[in-house]
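Residue numbering for the sequence shown is 2 to 125, as defined by our numbering.
Glycine included, every Cβ here is placed at the ideal spot set by N, Cα and C.
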Amino acid sequence: MAKVTEKGLQTARKTIAQLLVCTGCCCGRTDRGNPAVPVDWMKNEWKMRGILKSVHLTISGCLGPCDLVNVVGLVGENETIWLGGLVHQQHFAALRDWAQETARLGEIAPLPDILRDHQFKRFC
Ligand code: FES
């Protein structure tokens, strides 16, 4: 049941951040010659390390910028960071480490160097 307070609609399932991992028409589509997205590995890592309640993991359909496979969005309260060209396991390991550090800190952790070079501007 939705809970409305003087501050508006409230959720009991707040998180520090949400990680949107694209597996749409292009990202992760090895059958189209694109690099894999280790979806099962990520789900297991999030579960085993107890990250889910701090950084929600969402495996999504197409996020739009297909030319930059593989694409993820790091959504926080004040900003969304877009990353593309994540083609190596170490990129996804860095996302896992970032999520774990975010959970540990209780706030969005700095982006590791290995991911900083993959940032792009999503909107005009
Ligand atoms: S399929 Fe990933 S951005 Fe379109």
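Checklist entry - Between L84 and Q120, is the Cβ-Cβ spacing less than 9 Å? => result The answer is yes: Cβ separation under 9 Å.
Item to check | Rounded Cβ spacing between I82 and L112 (contact assumed at less than 8 Å) | outcome: Taking the Cβ atoms as the reference, I82 lies roughly 7 Å from L112, within the contact range of under 8 Å.
Next on the checklist: The alpha helix (DSSP H) that contains T129, what's its start and end?
Outcome noted: Since the first residue shown for the chain is 2 and the last is 125, residue 129 is missing from the structure and cannot be characterised.
Checklist entry - Cβ-heavy atom distance between T31 and the ligand FES below 8 Å? => result T31 has its CB no nearer than 8 Å to any heavy atom of the ligand FES.
Item to check | Extent of the continuous beta strand (DSSP E) to which V56 belongs | outcome: DSSP places V56 in the uninterrupted beta strand (DSSP E) bounded by 56–61.
Item to check | At least 3 beta-carbon pairs within less than 8 Å: the stretch 55–70 vs the stretch 12–27 | outcome: Segment contact: the stretch 55–70 against the stretch 12–27, three or more CB-CB distances shorter than 8 Å; contact assigned.
Item to check | Bounding residues of the alpha helix (DSSP H) (the contiguous stretch that carries K48) | outcome: Residues 40–49.
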